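Residue numbers (numbering that gives the first Met the number 0), protein chains in the order written: chain A, 0 to 353; chain B, 0 to 353; chain C, 0 to 353; chain D, 0 to 353; chain E, 0 to 353.
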Amino acid sequence: MIRFIKKRSKKTGLPPGSLVHIGKKKEIKTKITIIDYDEITFQELEIEAPKECIIYKDKPTITWINVDGIENTQVLKDLGECFSIHPLTLEDILNTDQRPKLEDYENYIYIVLKMLSYDEKEEEISSEQVSLILGKNYVISLQESEGDIFNPIRERIKNGKGRVRKAGSDYLSYLLLDAIVDNYFTILEKVSEKIEGLEDEVIKNPTQETLNTIHNLKTEMLYLKKSVWPLREVVNKLERGELTLIKKSTSVYLRDIYDHTIHVIDSIETLRDMLSGILDIYLSSVSNRMNEVMKVLTIIATIFIPVTFIAGIYGMNFSNMPELGWHWSYLVFWIVVLIIGVTMIIYFKRKKWF
Amino acid sequence: MIRFIKKRSKKTGLPPGSLVHIGKKKEIKTKITIIDYDEITFQELEIEAPKECIIYKDKPTITWINVDGIENTQVLKDLGECFSIHPLTLEDILNTDQRPKLEDYENYIYIVLKMLSYDEKEEEISSEQVSLILGKNYVISLQESEGDIFNPIRERIKNGKGRVRKAGSDYLSYLLLDAIVDNYFTILEKVSEKIEGLEDEVIKNPTQETLNTIHNLKTEMLYLKKSVWPLREVVNKLERGELTLIKKSTSVYLRDIYDHTIHVIDSIETLRDMLSGILDIYLSSVSNRMNEVMKVLTIIATIFIPVTFIAGIYGMNFSNMPELGWHWSYLVFWIVVLIIGVTMIIYFKRKKWF
Amino acid sequence: MIRFIKKRSKKTGLPPGSLVHIGKKKEIKTKITIIDYDEITFQELEIEAPKECIIYKDKPTITWINVDGIENTQVLKDLGECFSIHPLTLEDILNTDQRPKLEDYENYIYIVLKMLSYDEKEEEISSEQVSLILGKNYVISLQESEGDIFNPIRERIKNGKGRVRKAGSDYLSYLLLDAIVDNYFTILEKVSEKIEGLEDEVIKNPTQETLNTIHNLKTEMLYLKKSVWPLREVVNKLERGELTLIKKSTSVYLRDIYDHTIHVIDSIETLRDMLSGILDIYLSSVSNRMNEVMKVLTIIATIFIPVTFIAGIYGMNFSNMPELGWHWSYLVFWIVVLIIGVTMIIYFKRKKWF
Amino acid sequence: MIRFIKKRSKKTGLPPGSLVHIGKKKEIKTKITIIDYDEITFQELEIEAPKECIIYKDKPTITWINVDGIENTQVLKDLGECFSIHPLTLEDILNTDQRPKLEDYENYIYIVLKMLSYDEKEEEISSEQVSLILGKNYVISLQESEGDIFNPIRERIKNGKGRVRKAGSDYLSYLLLDAIVDNYFTILEKVSEKIEGLEDEVIKNPTQETLNTIHNLKTEMLYLKKSVWPLREVVNKLERGELTLIKKSTSVYLRDIYDHTIHVIDSIETLRDMLSGILDIYLSSVSNRMNEVMKVLTIIATIFIPVTFIAGIYGMNFSNMPELGWHWSYLVFWIVVLIIGVTMIIYFKRKKWF
Amino acid sequence: MIRFIKKRSKKTGLPPGSLVHIGKKKEIKTKITIIDYDEITFQELEIEAPKECIIYKDKPTITWINVDGIENTQVLKDLGECFSIHPLTLEDILNTDQRPKLEDYENYIYIVLKMLSYDEKEEEISSEQVSLILGKNYVISLQESEGDIFNPIRERIKNGKGRVRKAGSDYLSYLLLDAIVDNYFTILEKVSEKIEGLEDEVIKNPTQETLNTIHNLKTEMLYLKKSVWPLREVVNKLERGELTLIKKSTSVYLRDIYDHTIHVIDSIETLRDMLSGILDIYLSSVSNRMNEVMKVLTIIATIFIPVTFIAGIYGMNFSNMPELGWHWSYLVFWIVVLIIGVTMIIYFKRKKWF
């Protein structure tokens, strides 16, 4: 649950633009990596003080500044000063409980979205907030902790493969976004495998445990939906071609991400529908089992209660009970019992009770 | 329930613009505080007669008039005359059952919204109506009773921290709105903690009490939704930049409130979905318990009814029952009983009844 | 149900514009009252022949013609001729099964809406159709039967209080609409009180009767929704300022009605949601009661069936049953019975069955 | 079900515009009736060969060609050639599984919609497809079989009553559409009577049969919705005044049909909601009955099982059972039994079980 | 399930435009067939190397290149080079998990959609992705495996029947799309037959198997919906007439496909609604059966438990039980038993239990 509503209350009463980190403290040291490249040159370095970035601000080469760990608010403040980032943007970066959104601040575009990963131990989806700041010739990416999702992009820039070295900062942002969105499919595969497993279980052996799993998966899907749904609008804004920082040639690539996002949303809805279906089956299975229990009880009771009554009769101690003295009484008793039993069984067979 | 539909009936038949207070009488004395400031000067005072405000109407400094307690209709009337406020606006201020809305009356903007607080004793969300009147260089805020939510803003103006002393009345309204919206997150945290608690309870020990709690929380969420949903449109109108009283530089801050509002609405929907999920589990848990009760009954009955019948047979008093005289009959009886019992238990084990 | 679908079949095959009354016949004599006023003069009279109205058509004073009882089609025909009203409008006035709507016929605006009242005996909402024809300097209001809802307006015009004597026919229509919409709140209060009562009943003592009440209230809400929902569009059309017969100064008042309409619709939806919630609780309470019945049965059966079996054993008549002769057998029997009983009770306590 | 998805498969692989009849073969001979009129002249005749129509194509009088029975594709082909109707239109006329739609082919407007009738025997709604082709001065109406719904219009043209003889082909189409839409209200009345009947039945005596009736009515409503819903858009297109073949003076009449269509759709939704409500009550009634059955079982079992145990005790044959010899034992036994019984009954009364 | 989310994970980390086949490997050899025609000439041939296509690129005749089997990425690469197809298009062709979509790349239009077929053995709908590339005078169609759905079109071109030889590449695309959409109706017929079968089964003999069938059909409908829904937008884009490659004369045909698509979507929704209805009946039937089982149990228990108690009484061994010695006791016992039995049966009859 904590994943849904993060504690913002410590910010109550502070003026807007106050830099306070909201979210789970991860005690991660901030690490700033810079990749600076154009078609010919390539440079990769790690810096300590964010102020060193200032030289890259107006350099014509493309600069990608990657920040892992954002709990150190001073680093962010310095970075904000270097690239004249609006205080509200900095506040949003620190508040890791953001809805994905895109904001156009004329000199840069601020994009915030969720990077998801599936925690196999906890069996739940965990998310990290990724902020992208796209300027004319630089991209700043900020993650909560160090991840390996951007490594292939780093390699590609290094090797100069593909369009990347020839294209601008908008294409680089596209690559980063694409890596994140592509990753969503991996999560969906995980979840869909789980649901597939549930489908079998719910028919063959539904337990209270199954119900909890269904409930947990539903909560996961809710979380997934909440993280991905607003992305649609974000990518749509990027793709529509109304932002001056996005070149027209990049638009076709962004359209591709848009399609992927729609695909992810679609799949989430489908999986949610399937989960509802599975819940229906579960409830119905439980009800069927109850039915079966009732049938067993009824069959046993219906056969034995009447014959027990007959046995009870001849256990009575009335002085004048003629049948007691007859020679074949006991045999007749057994015959009657058998007739009652067989009749009942035929009756149940006809009712298809077993 | 009373919170949902307030008694408007006492107004039926009155002409429009009639000043009648609708809502729970709180017997609160009206208190008017004035804060008047610009970049250099700062003045804070409390006044008795609302007519004293007239001097602030056209003064170039920014004036914030805060009114706590609105049941005294005369005060409102005088205030309305001072600032030429439309009678319908005054009527709306007094009617504390308003939907959040924004109305543009050219010389001022009227905003009405709900300030929420969580009443720990009653375990319910209570709300107060806050009205804001934003003029060219004044802001009038009207609350039902004295609250402490605006205190940090008062402090900030006094200390001259942040943008506030340099910015206009629109920025001041932004700060007031921001304080109210930020407060919603506190309510959401409370509710989400409650729901988290429910999730455990519903699996481990679901009672009728749990059901009532679920129902109450659902009603709270309904109330929350009703109070917050229309706010979206209000903030959107403010932020779109079509109002002449809102400067462009404030727009970016209002966009931030808009994001927060969307976030709150989103979270409400998520919490509602979770509550539905919890209700499903509750119902299913109840059904599972019933199932278990049935199984116990069936196991006991199925084992003992047949053997009781056998015991009944040999309690019969027929004169001719050969088994009664045999020496090992009693032992055989016990063996038969045990066989029946064991068979049944194996059968139930196979059916996974225990 | 009759309230939902009125018999239109008697009109099948008739040409459009045929004047046939559709709805419950109420045998009400048509009564025409005229109020003619401007800022200075005021005149109130009742007329017999609708043709007498003709003098008011082009008179510069504001004329309000109120018609109670519309079953007399001839009256309508004459009125229609006087004010050159389109045959389709007349047809719509007579057909009391209209959805609320607004139609602009250039020389007049035709508005039809529902006046609701709560019938305490039948415990249901009953509705009457009210038609308004708004011309340049006249307003014709037509009701199915005589009502007292417009009396305060009549008084206000007479006394010359408020804006009404200075304003035009559009302001008069606003007053009529406002009276009708304000009345909806009274209905909502009634319904919400009923629902509040239900909430308690459903938890404490749910019966089949409760279910019927829930169902009836749901049907009432459906009816309410059907009557009010289309009003939103009607008032929106009025308020948007595209109609030449509506002056700009009246717009702000119509916006107020629009807010009220939205508020009513909102409240209806909220009440519907609450009813759904109450139905859920009802179903769950019923299920809980069943559960309790089952538990009592199971506890009794589980304790007594085994001990009855034991008693049965020692009622057998085998010649060779050594226990029968032992001296302490009977005491041992009682001890065994007590042990079984106590064990069972502990077991049930642990399972929290009682 | 066959009503929902008609066999289109025989058309698979054929080129577009292939004239193949899709739907239930009704073996109806095609009958072509022509009514040709203007303000002064009137002529009614039946023709054999569709080619005879050619003279009416450019005649200034209004011509209404009514075709009953469309299975003869040759007739359609000839007609299509006469009036230069697009092959796709002809294909659509023959395919009786169309959604209602309107297509503007510049020289004519093609409208297809459903004529509904209630089959009292089968207790289901049956539908027939009606196609209208509206040209400059002719209207072609095509029905699957001969119907009497257009007779009043025929009469009205003959007698020259109303606007019809003075108005153009667009007004004639309006009359035809109006006749069809008005007929929907008859169907709705039938269905609403059925639902009213159900409401009583479901409370007083719910059986499996009731459930089937609910299900069938739900399916009927689904069918109704499917047939009427798209009509809204059709009439809206007609009424908007963007079609050159529709004169402005007819627009006001089409607006009337639009209102009726909305009314029908609204009523369908309301009836569907009521059916859902009835299903809820049904399910709850069934559950209540089960509850009552359980109570009877539990009361009987709870009273008699303990006392049977006591009787069992004193049926035991232990040699040493002091109570057996006491003189008042039997009386005490009866007193104990009565105490147990009365206690139980008081307990059940308190629980409100009966 | 695998049909819903295909493994995209092997693409994670690859640059955009990487040609990797996603989907089930079918080991199908790529086969390229070319049909080249205009009004006079016609040529059909199969080629090996895709590079041979280059001559058709700018030839004024219409060329239809059909590719069966797309797993060979080299073929696609070559084809892409010949017709200057964007790498992202090629990537999309290979990724068989696409949502239907249309993309306009100025020199060509790329359409991707699903070809559905019903697998009778697996009782599920299987789908194949079909990509269409529509250039100025060529159409490239790419299928996952060889199908016979386009054969009638091939024949029609060969025979020169219909408009096809006179029309352009856009008309050819229309024919291909039409063939695919028409095929959907066949699937719907299959599914609707299944549902019809279910409707009977669910009332007469509902089993756990029925539930599984309902669930499977629901999943199929979900899959169908997912495949068809986005097609609406695709065809709408084509038909709107904003694409320069689509001639106006083809628009009317595309509108026809649009209608079909809407019809398919409508039918899917209707079938889904029916399935929900069937599920409701199933659940209710199960509940009714349980009810019946309970009644049998209760009738048997309620009749026999009291009389067994009476029999138990007279099996007691108290020394002083006067009734035991009376002569008519046994007869009286039987009379009492019969009275109890008959009373119970009358009681149950009144309650309508049987």
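Here a beta-carbon is modelled for each residue, glycine too, at the ideal position from N, C-alpha and C. Note that the structure is a prediction, hence the values are computed from the model and not measured.
Along chain A, in chain order, which residues have C-beta atoms closer than 9 angstroms to that of residue i?
{"i": "Asn211 of chain E", "result": "Ile202, Ile280"}
How far does the alpha helix (DSSP H) with residue i in it extend, from its first residue to its last?
{"i": "Thr185 of chain D", "result": "168-203"}
{"i": "Ser226 of chain D", "result": "207-227"}
{"i": "Val163 of chain D", "result": "Neither: Val163 of chain D is in no alpha helix (DSSP H) and is coded neither H nor E."}
Between which residues of its own chain and residue i is the CB-CB distance below 8 angstroms, once the five residues before and five after are set aside?
{"i": "Met0 of chain A", "result": "Residue confidence for Met0 of chain A is low, a pLDDT of 43 falling below 50, so the modelled location carries little weight; the figure read from the coordinates is stated next. Here the set comprises nothing."}
{"i": "Pro305 of chain E", "result": "Ile339"}
{"i": "Lys189 of chain E", "result": "Tyr117"}
{"i": "Met343 of chain D", "result": "Ile298, Thr301, Ile302"}
Below 8 angstroms between beta carbons: does that hold for residue i and residue j?
{"i": "Glu238 of chain B", "j": "Ser248 of chain B", "result": "no"}
{"i": "Pro14 of chain C", "j": "Lys160 of chain D", "result": "yes"}
{"i": "Asn71 of chain A", "j": "Thr29 of chain A", "result": "yes"}
{"i": "His85 of chain A", "j": "Tyr104 of chain A", "result": "yes"}
{"i": "Asn136 of chain E", "j": "Ile61 of chain E", "result": "yes"}
{"i": "Val295 of chain A", "j": "Thr301 of chain B", "result": "yes"}
{"i": "Lys100 of chain A", "j": "Asp258 of chain B", "result": "yes"}
{"i": "Leu171 of chain D", "j": "Val163 of chain D", "result": "yes"}
{"i": "Ser318 of chain D", "j": "Gly324 of chain C", "result": "yes"}
{"i": "Ile213 of chain E", "j": "Leu223 of chain E", "result": "no"}
Quick one: give me the first and last residue of the beta strand (DSSP E) that residue i is part of.
{"i": "Thr62 of chain B", "result": "61-67"}
{"i": "Met114 of chain E", "result": "108-118"}
{"i": "Leu101 of chain D", "result": "100-103"}
{"i": "Ile124 of chain B", "result": "123-133"}
{"i": "Leu337 of chain D", "result": "Counting along the chain, Leu337 of chain D falls outside any beta strand (DSSP E), though it belongs to the alpha helix (DSSP H) covering 328-349."}
Against residue i, what residues of chain D qualify as contacts under a CB-to-CB distance less than 7 angstroms, listed in chain order?
{"i": "Met369 of chain E", "result": "In the structure as shown, chain E begins at 0 and stops at 353. Residue 369 of chain E is therefore absent and cannot be evaluated."}
So, at 6 angstroms on beta carbons, what are the nonlocal neighbours of residue i in its own chain, with the 5 sequence-adjacent residues on each side left out?
{"i": "Glu43 of chain E", "result": "Ile34"}
{"i": "Leu187 of chain A", "result": "Ser266"}
{"i": "Ser275 of chain B", "result": "none"}
{"i": "Gly134 of chain A", "result": "Tyr107"}
{"i": "Asp181 of chain C", "result": "none"}
{"i": "Tyr346 of chain E", "result": "none"}
Quick one: residues in its chain with C-beta nearer than 7 angstroms to the C-beta of residue i, no 5 flanking neighbours on either side, listed in chain order?
{"i": "Asp177 of chain A", "result": "Ile256"}
{"i": "Gln128 of chain B", "result": "Thr95, Gln97, Val111, Lys113, Glu143"}
What does residue i touch in chain C if you count any residue whose Cβ is under 7 angstroms from its own?
{"i": "Thr342 of chain D", "result": "Under the 7 angstroms cutoff, chain C gives no residues; its nearest Cβ is about 13 angstroms from Thr342 of chain D."}
Given that residue i touches chain E, what residues does it touch there, using C-beta distances under 9 angstroms?
{"i": "Pro15 of chain A", "result": "Within 9 angstroms Cβ-Cβ: nothing; Pro15 of chain A doesn't reach chain E, min ~38 angstroms."}
| query | Where are the alpha helix (DSSP H) runs, 4 residues long or more, that stay fully inside the region 3-91 of chain C, in chain order? | reply | The region 3-91 of chain C contains, as complete alpha helix (DSSP H) runs of 4+ residues, the segments 53-56, 72-81 (chain order).
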